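Protein chains in written order, with UniProt numbering: chain A, 1 to 656; chain B, 1 to 322; chain C, 1 to 351.
Every residue gets a Cβ at the ideal spot worked out from N, C-alpha and C, and that includes glycine.
Just so you know, these numbers come straight off a predicted model, no measurement behind them.
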Amino acid sequence: MAATSSSPVSRTLPRVHIVVRDRGRIVLGILAVWLLLWVFLRGMHTLALGGAQLTSVHHWFNNLNDVIGANRNSNPVFLYFFNYIRLFVDEFVIFVQSVIAQPSFGRPLPLIGWLGVVALVGFVSYAVANIRVAVLATAGFFVLGLQGLWRESMDTLALTLAAVIISLVIGIPLGIWAGLSDRFARLITPVLDFMQIMPSFVYLAPLTLFFLIGPASATIATLIYAAPPVIRLTAHGIRSAPHDTVEAGESLGSTRTQMLTKVLLPAAKRTIVLGVNQTIMAALAMVTIAALIDAPGLGKTVIKALQTLDVGTAFNAGLAIVVMAIVLDRVTTAAADRGRRRPNRIVLLAGAAATVFAIWLSYTYLWAAEFDARLDIGSTIVLWAGEATDWVQSTLAPVTNGIKDAFTWVLIDPLQALLADSPWWLVAVAIVAISVVIGSVRAAIVSAVCLGLLVATGLWSDGMTTLASTLVATVFTMVIGVVVGVWMGRSQRADRVIRPVLDAAQTMPAFVYLVPFLALFAASRFTAIAAAVVYAAPVAVKIVADGIRGVSATTVEAAVASGSSTWQTITKVQLPMSVRALTLATNQGLIYVLSMVVVGGLVGAGALGYDVVAGFSQGQLYGKGLAAGIAIVLLGVMLDRLTQAAANRTQRGGSR
Amino acid sequence: MKRTLAVVFTVAGLALTGCGGAKVGESPGGGGGGGSQASCGEFKIAINPWVGYEANAAVIAYVAEKNLGCRVTKKDLKEEVAWQGFGTGEVDAVVENWGHDDLRKKYIDEQKTGVSAGSTGVKGQIGWYVPPWLAKQHPDILDWNNLNKYAEMFRTSESGAQGQLLDGDPSFVTNDEALVKNLGLNYKVVYGGSETALIQAFKQAEERKTPLIGYFYSPQWLFSEIKLEKVKLPPYTPGCDAVPEKVACDYPDYDLDKIVSKKFADANGPAYQLVKNFKWTNDDQNIVARWIAVDKMSPDAAAKKWVDENPDKVKAWLPSSS
Amino acid sequence: MHGTQVHDTQQPVISVRNLWKVFGPKAARVPGSAELGALSRRELMDRTGCTAAVRDIDFDVAPGEVFVVMGLSGSGKSTLVRCLTRLVEPTAGEVIFEGEDILACDPKRLRDLRRHKFAMVFQHFGLLPHRCVVDNVAYGLEIRGVAKAERTKRAKEVIELVGLGGYEMSYPDQLSGGMQQRVGLARALAVDPDVLLFDEPFSALDPLIRRDMQSEVIRLHREVGKTMVFITHDLSEALKLGDRILIMRDGALVQIGTGDELVAAPADDYVRDFVRDVPRSHVLTLKWIMRPPRDDDPLDGPELGPDVVVREATRSVLAAEKPVKVVRDGELLGIVGDEEILSVIAGGSDS
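Okay, here's the thing in structure tokens:
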């Protein structure tokens with residue numbers, strides 16, 4: 001440890017390499033000591049807790065839950081605060097639904113039928129972006145109708161829109177504040193981390209306590225998950241406004257308001273729109289999960305289909321979510337990238353007139369209001385997806401079980417044994433020591449605090465089991481991330497083909513592929529890991545690909561000119577130079593893997609994921625589920641800070 | 001431009017046919033069954049996430065709509081969340097309840113927001129099951145005393161050296177960890193984590209003739225495809241499951257019942273009467289569940305089919321005044 | 001070592017006295033302490049963790065003058081110019097503008113000064129990327145509350161003045177660097193300030209364009225006659241534009257003087273080193289190279305003023321049969337012959 005605390009100022013490039021190697025040796029040393037002690041101390045102080053056993057902390061959470069439930073209609077906080085929020089949000093969502101999704105105003109159908117919505121989507125896309133995405137959006141929404149899921153899609157869209165609008169109304173001002181005030185930024189960042197890592201299952205049930213079952217709870221659950229990106233990116237946009245421009249504005253005597261409205265916000269506009277994009281994507285992902293508390297829409301179709309292992313139907317609905325995600329993503333991305341090109345005013349006017357006419361048609365006539373059920377590709381998709389799944393299951397299952405067993409035996413079991421069977425204090429000391437070596441003293445303090453709190457949740461043993469699976473999943477994620485990422489980074493064509501697949505894998509709700517995975521790998525930790533990798537790998541791949549592409553062309557050219565083989569170019573130039581991207585990919589991979597822990601609980605991962613799921617389903621396990629949710633956040637914060645510290649360290653060393 | 005053209009085209013089309021087709025609101029089907037009592041009003045029924053429940057709910061909802069003229073709202077909710085809904089007026093009825101003494105205590109005894117509305121006539125069983133091929137090949141496996149003999153066979157990557165007992169529909173209380181310990185079985189409880197995981201596991205075990213033992217329950221639509229065999233555990237006696245850590249007996253049989261909100265019961269409207277009177281059998285439920293789960297009928301269509309085939313049973317449920 | 005006041009008769013527009021800017025913890029203790037103030041930059045850093053970007057600077061800027069501040073990067077010149085309008089808050093000292101201490105202004109008054117009296121041109125232009133040229137130029141007027149029609153009219157005039165007519169509706173990223181800086185210049189001129197501040201405005205530009213822009217500034221100065229404070233690290237730019245030049249090093253003032261004063265009489269080795277490569281014939285005037293008339297000098301040769309640059313005098317001196325007399329107001333100051341001229345043109349030796 002002494003070697004790492006040497007002054008960074010005096011470091012030179014060769015010495016950094018020595019230090020890096022030393023760090024590797026120290027980590028190995030720590031692991032060796034740990035292993036040695038494990039042999040003697042195995043099974044002691046593991047803090048294991050049985051499935052139905054509870055600690056006092058869990059009971060305390062249970063009581064809290066009961067007290068809230070019992071006092072909802074008498075407590076003034078509810079009468080004058082939560083109930084009004086609920087009323088407001090409910091009304092808002094119901095209004096949006098009544099416009100595009102649900103029968104309303106005494107009509108058997110919503111105000112605007114499919115033709116109106118399709119026209120409106122096309123027109124808005126053209127107005128904020130360009131004609132290409134307008135065509136894409138129109139076609140995409142038409143496909144939703146063809147899939148036989150028009151009403152479900154509109155319910156999803158309505159809920160997403162409502163949640164996004166509320167997210168933006170709250171998020172953009174907070175983001176501006178965080179952009180202008182360092183103190184507020186420091187205050188809100190951990191809260192945002194918490195909001196994003198906390199598994200949504202954990203707060204779904206409590207939310208219904210506060211806001212009852214219905215649109216309000218679903219919207220607020222979505223809001224919790226979807227608001228952080230726009231807050232972060234707004235703050236980031238404000239902070240990264242060009243310094244000269246800001247100074248110029250100041251030197252001309254702008255007031256604070258003028259500065260904000262005329263200089264900072266316009267300069268940050270692109271970044272803010274990207275934040276809106278991410279918020280929309282997050283909201284869409286969350287609306288699916290909110291189906292568990294009766295949120296209407298496609299998520300419900302997916303979850304219902306799961307009860308009867310109907311993969312075809314689940315896939316069809318999942319596909320609709322992907323289509324909607326792709327449309328919303330491309331439109332907002334194009335809007336961010338459009339720059340100053342304004343659409344042709346005459347076309348705009350004509351489009352507006354046509355849209356109004358289409359809306360009127362869809363208001364008045366049945367054929368334009370209700371999508372014709374005879375135009376149906378949905379049942380074909382259902383059939384085809386079902387058959388494909390059957391084929392895959394019956395063909396691959398014999399092989400996949402062997403793969404599962406091998407990986408479990410070689411990788412998962414040993415790691416889990418080391419983490420979960422060691423005395424808790426030994427694990428804690430080892431992790432803190434490793435944090436100091438590969439991260440920083442600060443990261444080590446965070447690790448220590450998180451591990452201490454993890455003990456307090458009473459779920460140490462489950463936490464270690466989950467940590468083991470998380471680490472294995474992250475390793476897989478990074479292997480895929482590096483291999484595919486390098487390929488995409490080096491080949492434009494590979495990028496073009498693979499990227500849409502990645503987008504789809506990321507937006508397809510995980511519930512859809514759980515059934516085939518269960519068929520292939522049975523209920524096991526490996527299944528959970530596979531599901532997590534499917535979700536996390538696309539992010540890692542994209543970051544690595546961007547990193548590889550970001551390596552200066554001149555450097556690559558120089559390497560090739562001096563006779564490097566392709567392999568040498570990759571391993572000696574491109575990968576080392578994108579070390580920053582690699583660490584970032586690891587960081588994001590970890591966070592994404594952790595966000596799938598609960599889904600893993602549904603397919604046999606047990607541990608924290610199952611605790612959360614069971615807590616959501618059974619009253620007496622509620623407190624334990626909440627504690628498990630907090631434990632997941634603690635693991636997330638610890639791993640996040642640790643990888644970030646490691647990233648900063650490599651960046652410092654690498655850039656000298 | 002394209003769009004403008006399309007609209008022009010449409011308008012021309014409309015002008016040619018002389019009319020715009022059917023208008024919204026004058027549709028021939030119209031709303032729900034007219035002519036019934038208007039007094040029923042809104043009926044909010046919770047849908048718990050299993051197919052047997054949905055069969056109950058589908059039939060009750062269908063009858064309430066068609067025969068009583070209620071406006072039925074179905075809400076997809078987990079059990080606990082549904083029970084919470086009694087107090088807030090979000091939920092009127094839960095139409096298949098599996099015991100849930102904890103929830104009874106909390107919502108019926110303490111908060112007094114719910115009341116029981118009697119049996120559904122369906123008998124529920126929870127226990128350990130094996131796929132039929134296994135029971136056929138090793139008939140003695142159906143007695144818990146012989147389970148240790150087969151532990152080796154049930155080993156998986158998750159259970160290590162012990163046999164795997166697949167558990168874990170997260171909605172149900174399980175005593176399995178205690179049972180395994182107290183019965184001295186060489187098994188490890190592995191949490192599948194969802195009903196889907198359990199169903200998939202049993203289905204595959206039967207199809208591929210692989211060994212599997214796990215926690216399951218009936219009625220469940222899967223039984224209409226695969227007749228799982230129940231393993232006999234030491235018989236249940238009242239009170240043998242009082243202390244969770246010391247349980248060494250089978251699960252009790254459940255007389256599945258209906259729970260409604262206190263307000264809904266006190267109002268004593270026709271929908272409440274229907275729920276109270278509703279009673280059928282395991283076989284009835286299995287048929288409807290099968291139509292929904294295996295034949296992919298919509299719950300509404302399945303309910304219609306059953307109601308049309310069983311007018312007498314339905315008649316007995318209707319409020320006396322009608 | 002403070003420079004002499006050139007335009008003795010006029011009140012200075014800006015007077016800077018004992019100006020300090022110290023970055024770091026408890027910065028305020030440094031200017032007050034004679035001991036700390038005497039430390040070198042490195043010593044100060046080690047002792048206090050502070051950096052003195054501007055240390056104890058005094059100077060005056062006369063109306064209509066082009067006052068150049070010159071130094072290498074890190075010498076504190078950019079900080080100094082920002083202290084004038086408190087874009088960077090000075091640690092100690094006075095900045096008197098038309099009799100008013102700017103450091104004592106409240107925020108509102110300061111904003112008024114920035115809106116009406118000063119305007120600044122930045123190294124990286126600092127344009128608003130989301131606004132077209134005319135809206136960029138009109139920005140200063142807009143935030144003052146000038147009506148749209150009026151500010152657009154004014155902006156168009158100024159755009160014309162800087163030679164960007166026809167580009168009103170273009171956006172910054174559609175323009176070359178030189179053109180962008182013309183926009184920056186126009187934006188500064190549009191508010192009709194008393195003082196124009198330039199912070200290394202041309203160092204990001206290509207050499208050819210830089211020369212154009214320098215000529216542009218000279219032309220504008222002739223046309224509009226504004227007082228200018230011009231920051232640069234380029235000596236030839238300083239000599240070309242500056243009426244007077246202030247040389248900074250490590251935050252401190254080294255010398256103030258006209259270009260020929262610096263070249264002919266550098267205050268120390270630092271300045272001498274700086275001006276070594278300057279073509280002396282372009283900068284030196286006759287007064288720096290003349291010698292007292294000797295008895296044997298024929299005094300009926302042509303006459304030239306003392307401020308004529310050597311290069312311009314070369315031809316007449318070499319063409320004349322006799323030495324040239326340097327005369328001001330009829331008084332004979334000295335004599336310049338072929339020998340003096342040739343020694344300057346041949347260069348090399350320091351005077």
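Do you know offhand how far residue i's Cα is from residue j's?
i, j, result
"C:A204", "A:S153", "54 Å"
"A:T395", "A:F511", "22 Å"
"B:F250", "B:Q125", "What sits at residue 250 of chain B in the sequence shown is Asp, not Phe. When rounded, the distance between both Cα atoms is 10 Å."
"A:K300", "A:P509", "11 Å"
"B:D92", "A:A221", "24 Å"
"A:P215", "A:R42", "50 Å"
"A:V410", "A:P173", "51 Å"
"C:S33", "C:E100", "27 Å"
"C:S176", "A:Y126", "31 Å"
"A:I381", "A:L159", "25 Å"
"B:W128", "A:A519", "21 Å"
"A:A505", "A:A473", "16 Å"
"A:L626", "A:T477", "28 Å"
"C:L161", "A:T261", "29 Å"
"C:D106", "C:V271", "39 Å"
"C:N18", "C:V191", "30 Å"
For residue i, would you say it is in contact with chain A, using Cβ-to-Cβ distances shorter than 8 Å as the test?
i, result
"C:M120", "yes"
"B:D177", "A small correction: the amino acid at residue 177 of chain B is Glu; Asp does not occupy that position in the sequence shown. Cβ-Cβ to chain A under 8 Å: yes for B:E177."
"C:F202", "no"
"residue 354 of chain C", "Here chain C comprises residues numbered 1 to 351, so residue 354 of chain C is not present and cannot be evaluated."
"B:T88", "yes"
"residue 323 of chain B", "There is simply no residue 323 of chain B to check, as chain B begins at 1 and stops at 322 in what is shown."
"B:G69", "no"
Does the CB of residue i have a neighbour CB from chain B at under 8 Å?
i, result
"A:K624", "no"
"A:L252", "no"
"A:S617", "yes"
In this structure, does DSSP put residue i in helix, strand or coil?
i, result
"C:S15", "strand"
"B:W280", "coil"
"B:G33", "Legend: pLDDT at B:G33 = 40, less than 50; position of this residue unreliable, no value from coordinates given."
"C:I341", "helix"
"B:V247", "coil"
"B:Q125", "strand"
"B:A178", "helix"
"B:G69", "coil"
"B:G269", "coil"
Let me check one thing: in DSSP terms, what residues is residue i bridge-paired to?
i, result
"C:I96", "C:S15 and C:D101"
"C:M70", "C:T232 and C:I247"
"C:L196", "C:A119 and C:M228"
State yes or no: is the beta carbon of residue i nearer than 8 Å to at least one beta carbon in chain C?
i, result
"A:V255", "Before going on, a small fix: residue 255 of chain A reads as Thr here, not Val. At least one chain C Cβ lies under 8 Å of A:T255."
"A:T234", "no"
Along chain E, which residues have their Cβ under 7 Å away from the Cβ of residue i?
i, result
"B:D257", "No chain E appears in this structure, whose protein chains are A, B and C."
Does the contact criterion of 3 or more C-beta pairs under 8 Å hold for the stretch 540 to 553 of chain A versus the stretch 481 to 501 of chain A? yes
The stretch 260 to 278 of chain C in contact with the stretch 230 to 240 of chain C per 3-pair CB rule at 8 Å: yes
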